[in-house]
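Engineer: Structure incoming, see below.
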Amino acid sequence: MVKILVTDKVHEDGVKLLREFADVEVATGLKPDELLDRVKDCDVLVVRSATKVTGEVIAAGKQLKVIARAGVGLDNIDVKSAEARKIKVLNAPEAPTVAVAELVLGHMLSFARHFPQADASTKQGKWEKKELLGTELRGKTFGIIGTGQIGRTVGYRAIAFQMNLLLNDVIRNQEFAERTEGKYVDIETLLKESDYVTIHVPLLSATKHMIGKRELELMRPTAVLINTSRGAIIDEKALVEALQNKKIAGACLDVYESEPLRDSPLLNLPNVVLTPHIGASTVEAQRDASVIVAKKIKETLA
Ligand code: NAD
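All letters in the sequence shown, in the order written, are residues 209 to 510 by this note's numbering.
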């Protein structure tokens, strides 16, 4: 029987699926030498974020056929070493799509209606109705940079708020544009004409700092920038300057150039709303990630 070792906390629905065809051992919080010992006779290693699957771990796993991460990125897995040993590396990039999209909508609504300020001042016993005058999303122009899985899921939800979409991607999705009445434009036009801009591209050498000083200067002084993709896609120093100099109205950020965010000027700016990389942190996304990788493991071993 296939032997699977699960070394991080993954949703039980995925583990249940694995138990249908394999002998599954769940052992979380292993010390590095314990992991080296346990992985020896395993066919499959399943992790999330805590376990570091180093070259040493991979070398110790003499029988390993699959390493699976019940999540999006593969930052904690030495993929090169795995590939050199012909071990298949699996993940579930599709699992958090809706979770991230809903976070973007949540950030926009929260910014437009001043949720953080309203909550803080009401709890302080104040009743600041005038100061908390908000704006509506209805009729606003929404620029979506990257119309892949998440960008499109955001777009379909935004049109329910009667927003008008401007789109940018290196590959255009005509069906999405038609269904949302969105318009693909160059990035300069998108930045100049949008009230809200959201970023959903992967971090590549071509996208690192794709939003810098020049791009921020193209944006409207009333515009809000939202980033739930990867921190380094925005030049954070340039963003801080743009926010301090009111070149843009605000930013909603879930990801940062360096995480966890410590000692950053972002922490003291009144016109930013920060979340601690919780884009994928929903019960549903965690469950989907575990079920998706369990199914992929089964298919791979079939
Ligand atoms: P995806 O691959 O489906 O879509 C990415 C899109 O970006 C593609 O359509 C691609 O053509 C486009 N693109 C690539 N380079 C571009 C460029 N230079 N200019 C314009 N468009 C470009 O990916 P996805 O599932 O939509 O995820 C998007 C990003 O969200 C991921 O890269 C990931 O880093 C991030 N993410 C964050 C969280 C979180 O917790 N905050 C969770 C999941 C994913």
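For each residue, glycine too, the CB sits at the ideal point set by N, CA and C.
Nothing here was measured: the structure is a model prediction, and the numbers come from that model.
Quick test of your reading: residue 355 and residue 375, contact by CB under 8 Å. State the CB separation rounded to the nearest angstrom.
Structural biologist: Position 147 of the sequence shown, counting from 1, holds the residue named residue 355. Position 167 of the sequence shown, counting from 1, holds the residue named residue 375. That pair is a contact at about 5 Å.
Engineer: Does DSSP classify residue 349 as helix, strand or coil?
Structural biologist: One-based indexing of the sequence shown puts residue 349 at position 141. Of the three classes helix, strand and coil, the one that applies to residue 349 here is strand, per DSSP.
Engineer: So, for residue 423: in the same chain, excluding its five sequence neighbours on each side, which residues have a beta-carbon less than 6 Å away from its beta-carbon?
Structural biologist: Position 215 of the sequence shown, counted from the start, is the residue given in the question as residue 423. Here the set comprises 399.
Engineer: Answer with buried or exposed for residue 324, where buried requires no fewer than 16 other C-beta atoms within 10 angstroms of its C-beta.
Structural biologist: Position 116 of the sequence shown, counted from the start, is the residue given in the question as residue 324. Looking at its Cβ environment, which holds fewer than 16 other Cβ atoms inside 10 Å, residue 324 is exposed.
Engineer: Between which residues of its own chain and residue 361 is the CB-CB distance below 7 Å, once the five residues before and five after are set aside?
Structural biologist: Taking the sequence shown and counting its residues from 1, one reaches residue 361 at position 153. Excluding residues within five positions, the ones whose Cβ falls inside 7 Å are 305, 306, 309.
Engineer: Which residues does DSSP pair with residue 250 in a beta bridge?
Structural biologist: Start at 1 with the first residue of the sequence shown, and residue 250 comes out as number 42. The partner list for residue 250 (beta bridge, DSSP) is empty, contrary to what the question assumes.
Engineer: Contact between the segment 383–401 and the segment 442–462: three or more CB pairs below 8 Å?
Structural biologist: No: fewer than three Cβ pairs fall under 8 Å.
Engineer: Distance, Cα to Cα, residue 303 vs residue 473?
Structural biologist: Here the question's residue 303 lines up with position 95 in the sequence shown. Here the question's residue 473 lines up with position 265 in the sequence shown. Distance between the alpha carbons of residue 303 and residue 473: 32 Å.
Engineer: State the start and end residues of the unbroken beta strand (DSSP E) segment that holds residue 276.
Structural biologist: The residue given as residue 276 occupies position 68 in the sequence shown. Looking at the DSSP string, the run of the beta strand (DSSP E) that includes residue 276 is 274–277.
Engineer: Note down the Cα distance separating residue 339 from residue 274, rounded to an integer number of angstroms.
Structural biologist: As a working mapping, residue 339 is identified with position 131 in the sequence shown. As a working mapping, residue 274 is identified with position 66 in the sequence shown. Looking at the two C-alpha atoms, the distance is approximately 56 Å.
Engineer: Flag residue 462 as yes when its Cβ comes closer than 6 Å to any non-hydrogen atom of the ligand NAD, and as no otherwise.
Structural biologist: The residue labelled residue 462 in the question sits at position 254 within the sequence shown. Because some heavy atom of the ligand NAD lies under 6 Å away, the Cβ of residue 462 counts as near it: yes.
Engineer: Counting along the chain, where does the alpha helix (DSSP H) carrying residue 503 start and finish?
Structural biologist: The sequence position of residue 503 within the sequence shown is 295, counting from 1. Residues 491–509.
Engineer: Among 258, 394, 370, which has the Cα closest to the Cα of residue 380?
Structural biologist: Position 172 of the sequence shown, counted from the start, is the residue given in the question as residue 380. Checked all of 258, 394, 370; the closest Cα to residue 380 is 394.
Engineer: Please report how far the alpha carbon of residue 481 lies from the alpha carbon of residue 382, in whole angstroms.
Structural biologist: For the purposes of this step, residue 481 is identified with residue 273 of the sequence shown, where counting begins at 1. For the purposes of this step, residue 382 is identified with residue 174 of the sequence shown, where counting begins at 1. Those two C-alpha atoms are separated by around 33 Å.
Engineer: Return the bridge partner residues of residue 231 from the DSSP annotation.
Structural biologist: Numbered from its first residue, the sequence shown carries residue 231 at position 23. DSSP output for residue 231 lists 211 as bridge partner(s).
Engineer: So, residue 313 versus residue 365, is the Cβ gap smaller than 7 Å?
Structural biologist: Numbered from its first residue, the sequence shown carries residue 313 at position 105. Numbered from its first residue, the sequence shown carries residue 365 at position 157. Yes, the Cβ-Cβ distance between residue 313 and residue 365 is below 7 Å.
Engineer: For the alpha helix (DSSP H) that contains residue 400, what are its first and last residues?
Structural biologist: Taking the first residue of the sequence shown as 1, we reach residue 400 at position 192. Element bounds for residue 400: 395–401.
Engineer: Let me check you understand the geometry: is the CB of residue 408 closer than 6 Å to at least one non-hydrogen atom of the ligand NAD?
Structural biologist: In the sequence shown, the residue the question calls residue 408 occupies position 200. Yes; taking the cut-off as 6 Å, the Cβ of residue 408 has a heavy atom of the ligand NAD nearer than that.
Engineer: Inspect the CB distances between the segment 481–492 and the segment 451–463 and report whether three or more fall short of 8 Å.
Structural biologist: Yes: the two stretches touch, three or more of their Cβ pairs being nearer than 8 Å.
Engineer: Suppose contacts are defined by Cβ-Cβ distances below 7 Å. Is residue 255 in contact with residue 216 by that definition?
Structural biologist: By one-based count along the sequence shown, residue 255 stands at place 47. By one-based count along the sequence shown, residue 216 stands at place 8. Yes; because the gap between Cβ atoms is below 7 Å, this pair is in contact.
Engineer: Check residue 464 in the structure and name its three-state DSSP category.
Structural biologist: Within the sequence shown, numbered from 1, the residue matching residue 464 stands at position 256. DSSP places residue 464 in coil when its eight states are reduced to three.
Engineer: Once the 5 residues before and after residue 237 are set aside, which same chain residues still bring their CB inside 7 Å of it?
Structural biologist: Sequence index remark: in the sequence shown, residue 237 carries index 29 (1-based). Answer for residue 237: no residue qualifies.
Engineer: Just curious, the beta strand (DSSP E) that residue 266 is in, first and last residue?
Structural biologist: Here residue 266 is taken as the residue at index 58 of the sequence shown, counted from 1. Element bounds for residue 266: not the beta strand (DSSP E) but the alpha helix (DSSP H), 263–268.
Engineer: Taking 6 Å as the cut-off, does the CB of residue 443 come closer than this to any heavy atom belonging to the ligand NAD?
Structural biologist: Locating residue 443 in the sequence shown gives position 235, counting from the first residue. The answer is no for residue 443.
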